[in-house]
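Here the structure is laid out as structure tokens; the discussion comes afterwards.
Number of protein chains: 2
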Amino acid sequence: MGGNLSAQDEPASKRVAAALRGRIEKGELAAGSKLPSEREIASEYEIARTTASAAIRLLEQEGLVLRQHGRGNFVRETSPLIRLGGDRYSRKYRGGPTPFRRECERAGLTPRVEVLAAEQARPPIEIAQRLGVDSFTESVLQRSNLYFADDEPVQVVNTYIPWAVAEGTPLVERKQTGKDGIYGRLEDCGHIMTTIREEVTARMPDHREREMLALPGGTPVLQVIHTSIDQNQSPFEVTRFVLRADRNGLLYQLAVD
Amino acid sequence: MGGNLSAQDEPASKRVAAALRGRIEKGELAAGSKLPSEREIASEYEIARTTASAAIRLLEQEGLVLRQHGRGNFVRETSPLIRLGGDRYSRKYRGGPTPFRRECERAGLTPRVEVLAAEQARPPIEIAQRLGVDSFTESVLQRSNLYFADDEPVQVVNTYIPWAVAEGTPLVERKQTGKDGIYGRLEDCGHIMTTIREEVTARMPDHREREMLALPGGTPVLQVIHTSIDQNQSPFEVTRFVLRADRNGLLYQLAVD
DNA sequence: TAGTGGTCTAGACCACTGG
DNA sequence: CAGTGGTCTAGACCACTAT
Numbered sequence: 001m002g003g004n005l006s007a008q009d010e011p012a013s014k015r016v017a018a019a020l021r022g023r024i025e026k027g028e029l030a031a032g033s034k035l036p037s038e039r040e041i042a043s044e045y046e047i048a049r050t051t052a053s054a055a056i057r058l059l060e061q062e063g064l065v066l067r068q069h070g071r072g073n074f075v076r077e078t079s080p081l082i083r084l085g086g087d088r089y090s091r092k093y094r095g096g097p098t099p100f101r102r103e104c105e106r107a108g109l110t111p112r113v114e115v116l117a118a119e120q121a122r123p124p125i126e127i128a129q130r131l132g133v134d135s136f137t138e139s140v141l142q143r144s145n146l147y148f149a150d151d152e153p154v155q156v157v158n159t160y161i162p163w164a165v166a167e168g169t170p171l172v173e174r175k176q177t178g179k180d181g182i183y184g185r186l187e188d189c190g191h192i193m194t195t196i197r198e199e200v201t202a203r204m205p206d207h208r209e210r211e212m213l214a215l216p217g218g219t220p221v222l223q224v225i226h227t228s229i230d231q232n233q234s235p236f237e238v239t240r241f242v243l244r245a246d247r248n249g250l251l252y253q254l255a256v257d
Numbered sequence: 001m002g003g004n005l006s007a008q009d010e011p012a013s014k015r016v017a018a019a020l021r022g023r024i025e026k027g028e029l030a031a032g033s034k035l036p037s038e039r040e041i042a043s044e045y046e047i048a049r050t051t052a053s054a055a056i057r058l059l060e061q062e063g064l065v066l067r068q069h070g071r072g073n074f075v076r077e078t079s080p081l082i083r084l085g086g087d088r089y090s091r092k093y094r095g096g097p098t099p100f101r102r103e104c105e106r107a108g109l110t111p112r113v114e115v116l117a118a119e120q121a122r123p124p125i126e127i128a129q130r131l132g133v134d135s136f137t138e139s140v141l142q143r144s145n146l147y148f149a150d151d152e153p154v155q156v157v158n159t160y161i162p163w164a165v166a167e168g169t170p171l172v173e174r175k176q177t178g179k180d181g182i183y184g185r186l187e188d189c190g191h192i193m194t195t196i197r198e199e200v201t202a203r204m205p206d207h208r209e210r211e212m213l214a215l216p217g218g219t220p221v222l223q224v225i226h227t228s229i230d231q232n233q234s235p236f237e238v239t240r241f242v243l244r245a246d247r248n249g250l251l252y253q254l255a256v257d
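For the protein sequence lines, the chains are A and B, in the order given.
Taking my numbering, the leading residue of the first sequence gets 1, the next gets one more, and so forth.
Taking my numbering, the leading residue of the second sequence gets 1, the next gets one more, and so forth.
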């Protein structure tokens, strides 16, 4: 063993990664195709298998390559984006399919929803602030959903409603929420959505999210914290979306001034 | 050498990563503090240094840890987000500081801009489509800027304007764009912004972006493709923002219906 | 069972940081 | 110069996939 024999300028793993990246970008290695095996790469470039593996990992972290245990390493394919529209809560869509269903179908994907929970809970601070409730003394209804497209999990969605608002409505039950969804029920009890506020960030997924969404390496998530504001300028519902960034995008169209 | 001595269930690197993650989440290792050195971790958990290093890399990829050559590994600190508002082009801000300056100052940061280029170019296909120009026969003015906050690069911004529109305006020169910026000049020549469309995605940075933004591992970027539409419903400008996701967020507030 | 990636080891030398 | 991470090696065994 021992150190690198020729420590010129660029590390071998980066040099090999760059070479493979070039072959991918030129289309010589097409999207979806299998890369040479790590042992082949190692012997081709005269490096240790560990180093070849490191090169592949670099490409994985860039979101270019998918590693699959026992199968091989593959050039990532881009999948159609589910586009969450800023107008998804518009009344013009009332009576029709839910926003997620509509957005999935626009992308040519088959939607499915799983209700994970609907329970009384203490709101996380960041949620309590936006709802204007006290995170110690007041509770909320928390509804957790997992959204699938073509049977793959793509969105983790948590909705929070002040308990005082949700109590006594059908929303507290762990099942689908009926015609026009949550917002239909909230309108039934006097909260008409007039304004929404959406705060968007991106980050790497945490451990739980990586698991729930079965995320491969090099896949960030988009996080949207959505606040619904009613006719009295009061927030009455906050939803936190965590979206696989390689499967979801956002679209806002708005008038200026 | 040889294989893992006790290949029970979880790999050692993941087990150690989980242990360190726990100490970070409990606050035992505070934000900004230095982790034990890899050699210390290795002897503490009785693993090879390579394995300790792998554990650290896992945490880096989660965006939890920053590796610094020669200095040590550190718990990531969260920095204040620059919030790009959906209303940044509103007339109510005319005559004041530029949107970036305003947003930086709101976050307590010092803004700076560098004009990288202003030149006639062939538009990338994705831009040409949105501008409604032919990417082969028509050219555009491409202006590239790099935005800094507290002297660190945080946004790479490329603006594209059909050459037919930009020709003869001061925008073709490689310098600041004057009062009310690009949109002031475009309004001078008859294009009044009435609607904007913003398409948001997140992904890992490519090689160039990683370099320009000096991005550490585990840092995704937010990409916004912004289209300005004028009083005739014609797109007249497209801007592609690439934002360090750990330093920037987006904020949209809009009326429903 | 063959092939592929997943992971680990023990040691070595390089490169960067900071006193 | 001491300490820390960056990277590499050669080999080994495990776990998963596909036949």
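Glycine residues also receive a C-beta, built at the ideal position from the N, C-alpha and C atoms.
Quiz item: In the stretch 149-165 of chain B, which residues sit with their C-beta less than 9 Å from some C-beta in chain A, listed in chain order?
Solution: Per Cβ criterion, the list is empty.
Practice problem: Can you pull the chain A residues whose beta carbon is under 9 Å from the beta carbon of ILE196 (chain B), in chain order? | Solution: Residues of chain A passing the Cβ test: TYR252, GLN253, LEU254, ALA255 and VAL256.
Self-check item: Contact list for GLN61 (chain B) against chain A, beta-carbon separation under 8 Å
Solution: Taking a Cβ-Cβ threshold of 8 Å, the residues of chain A close to GLN61 (chain B) are GLN61, MET204 and GLY217, in chain order.
Practice problem: Tell me, to the nearest whole angstrom, how far the beta carbon of LEU250 (chain B) is from that of VAL224 (chain B); I am working on the premise that it is less than 8 Å. | Solution: With a Cβ gap of about 7 Å, LEU250 (chain B) and VAL224 (chain B) count as contacting.
Quiz prompt | Spatial distance of GLN129 (chain B) from SER135 (chain B) (CA atoms) | solution = Across the structure, GLN129 (chain B) and SER135 (chain B) are spaced so that their CA atoms are roughly 8 Å apart.
Quiz item: With a cut-off of 7 Å, does the C-beta of ALA42 (chain A) fall near any C-beta of chain B?
Solution: With a threshold of 7 Å between beta carbons, ALA42 (chain A) makes no contact with chain B.
Quiz item: Relative to the C-alpha of ALA164 (chain A), which residue among A:ILE125, A:GLN120, A:ASP180 and A:THR219 is closest?
Solution: The shortest Cα separation from ALA164 (chain A) among A:ILE125, A:GLN120, A:ASP180 and A:THR219 belongs to A:GLN120.
Quiz item: Between ALA245 (chain A) and chain B, is there a C-beta pair that is closer than 7 Å?
Solution: Any Cβ of chain B closer than 7 Å to the Cβ of ALA245 (chain A) would place that residue at the interface, and such an atom is present.
Practice problem: Please confirm whether VAL115 (chain A) and ASN73 (chain A) have their CB atoms less than 7 Å apart. | Solution: No, the pair does not count as a contact, with Cβ atoms beyond the cut-off.
Quiz item: In its own chain, which residues sit with a C-beta less than 6 Å from the C-beta of THR195 (chain B), not counting the 5 before and 5 after it?
Solution: Excluding sequence positions up to five before and after THR195 (chain B), its CB lies within less than 6 Å of the CB of ILE229, all in the same chain and listed in chain order.
Quiz item: Does the Cβ of MET1 (chain A) have 16 or more other Cβ atoms within 10 Å, making it buried, or fewer, making it exposed?
Solution: Low per-residue confidence applies at MET1 (chain A): pLDDT is 46, beneath 50, and the placement is therefore not dependable, though the value from the model is reported in the following sentence. In this structure MET1 (chain A) is exposed. Its beta-carbon is surrounded by fewer than 16 other beta-carbon atoms within 10 angstroms.
Quiz item: chain B beta carbons: is any one of them nearer than 7 Å to that of VAL242 (chain A)?
Solution: So no, VAL242 (chain A) is outside the interface.
Practice problem: For GLY63 (chain A), collect the residues of the same chain with a Cβ closer than 6 Å to its Cβ; drop the 5 residues on either side in sequence, then sort them by chain order. | Solution: The residues are GLY218.
Quiz item: So, do the stretch 204-213 of chain A and the stretch 41-55 of chain A have three or more beta carbon pairs nearer to each other than 8 Å?
Solution: Using a Cβ-Cβ distance cut-off of 8 Å, the stretch 204-213 of chain A and the stretch 41-55 of chain A are not in contact, since fewer than three pairs of beta carbons, one from each stretch, lie closer than that value.
Exercise. Assign ASN248 (chain A) to buried or exposed, taking buried as 16 or more other Cβ atoms, counted over all protein chains shown, within 10 Å of its Cβ.
Key: That one is buried.
Practice problem: Could you round the C-beta distance between ARG269 (chain B) and GLU60 (chain B) to whole angstroms and report it? I think they count as a contact, below 8 Å. | Solution: Because chain B here runs from 1 to 257, residue 269 (chain B) falls outside it and cannot be looked at.
Practice problem: Please work out which residues of its chain come closer than 6 Å, Cβ to Cβ, to THR51 (chain B), disregarding the five sequence neighbours upstream and downstream, and give them in chain order. | Solution: The answer, listed in chain order, is ALA12 and SER13.
Quiz item: Would SER37 (chain A) be called buried (16 or more neighbouring beta carbons within 10 Å of its own) or exposed?
Solution: Exposed, since its Cβ has fewer than 16 Cβ neighbours within 10 Å.
Self-check item: Bounding residues of the alpha helix (DSSP H) (the contiguous stretch that carries PHE100 (chain B))
Solution: Residue range 99-106 is occupied by the alpha helix (DSSP H) that includes PHE100 (chain B).
Exercise. Check whether the Cβ of PRO220 (chain B) lies closer than 7 Å to any Cβ atom in chain A.
Key: Yes, contact with chain A.
Quiz item: Shorter than 7 Å from the beta carbon of GLY2 (chain A) to some beta carbon of chain B?
Solution: The predicted model places GLY2 (chain A) with a pLDDT of 44, which falls under 50 and marks its position as unreliable, so this point remains unresolved.
Self-check item: GLU103 (chain A) versus ARG88 (chain A): straight-line alpha-carbon distance, rounded
Solution: So the two alpha carbons sit approximately 9 Å from each other.
Exercise. With DSSP as the reference, label LYS14 (chain A) as helix, strand or coil.
Key: LYS14 (chain A): helix per DSSP, three-state reduction.
Self-check item: Collapsed DSSP secondary structure at GLN61 (chain B) in the structure displayed
Solution: It is helical.
Self-check item: Interface flag, THR78 (chain A) vs chain B, CB-CB below 7 Å
Solution: Output row for THR78 (chain A): interface = no.
Quiz prompt | Best match in A:GLY32, A:ALA55, A:SER139 and A:GLU28 for proximity to ALA18 (chain A) [C-alpha to C-alpha] | solution = Nearest Cα to ALA18 (chain A) within the set A:GLY32, A:ALA55, A:SER139 and A:GLU28: A:ALA55.
Quiz prompt | Residue-chain proximity (THR239 (chain A), chain B), Cβ-Cβ < 7 Å | solution = Output row for THR239 (chain A): interface = no.
Practice problem: Tell me where the beta strand (DSSP E) around MET193 (chain A) begins and ends. | Solution: Counting along the chain, the beta strand (DSSP E) containing MET193 (chain A) begins and ends at 193-203.
Quiz prompt | Whole-angstrom distance between VAL157 (chain A) and ARG185 (chain A), CA atom to CA atom | solution = Rounded to whole angstroms, the separation of the alpha carbons of VAL157 (chain A) and ARG185 (chain A) is 18 Å.
Exercise. Consult DSSP for ALA31 (chain A) and reduce its assignment to one of helix, strand or coil.
Key: Coil.
Exercise. Find out if the Cβ-Cβ distance for the pair ARG112 (chain B), PHE148 (chain B) is shorter than 7 Å.
Key: Between ARG112 (chain B) and PHE148 (chain B), the C-beta spacing is below 7 Å.
Quiz item: Whose C-beta lies closer than 6 Å to the C-beta of ASN4 (chain A) among residues of the same chain, with five residues either side of it excluded?
Solution: Any reading at ASN4 (chain A) must be qualified, since the residue scores a pLDDT of 43, below 50, and its modelled position is unreliable; the value itself is stated next. Excluding residues within five positions, none has a Cβ falling inside 6 Å.
Quiz item: Apart from the five residues just before and just after ARG143 (chain A), which ones in its own chain have a Cβ nearer than 6 Å to its Cβ?
Solution: Once the five neighbours on either side are set aside, the close Cβ partners of ARG143 (chain A) are ALA118 and THR159.
Practice problem: Give every residue of the same chain whose Cβ lies closer than 8 Å to the Cβ of LEU58 (chain B), excluding the five residues on either side of it in the sequence, and list them in chain order. | Solution: Residues SER13, LYS14 and ALA17 of the same chain have their beta carbon placed closer than 8 Å to that of LEU58 (chain B), with the five preceding and five following residues left out of the count.
Exercise. For the alpha helix (DSSP H) containing LEU270 (chain A), list its first residue and its last residue.
Key: Missing from the structure shown is residue 270 (chain A); chain A here goes from 1 to 257 and no further.
Practice problem: Starting from MET193 (chain A), find everything on chain B with Cβ-Cβ shorter than 7 Å and list it in chain order. | Solution: Going along chain B in sequence order, the residues near MET193 (chain A) (Cβ under 7 Å) are VAL256.
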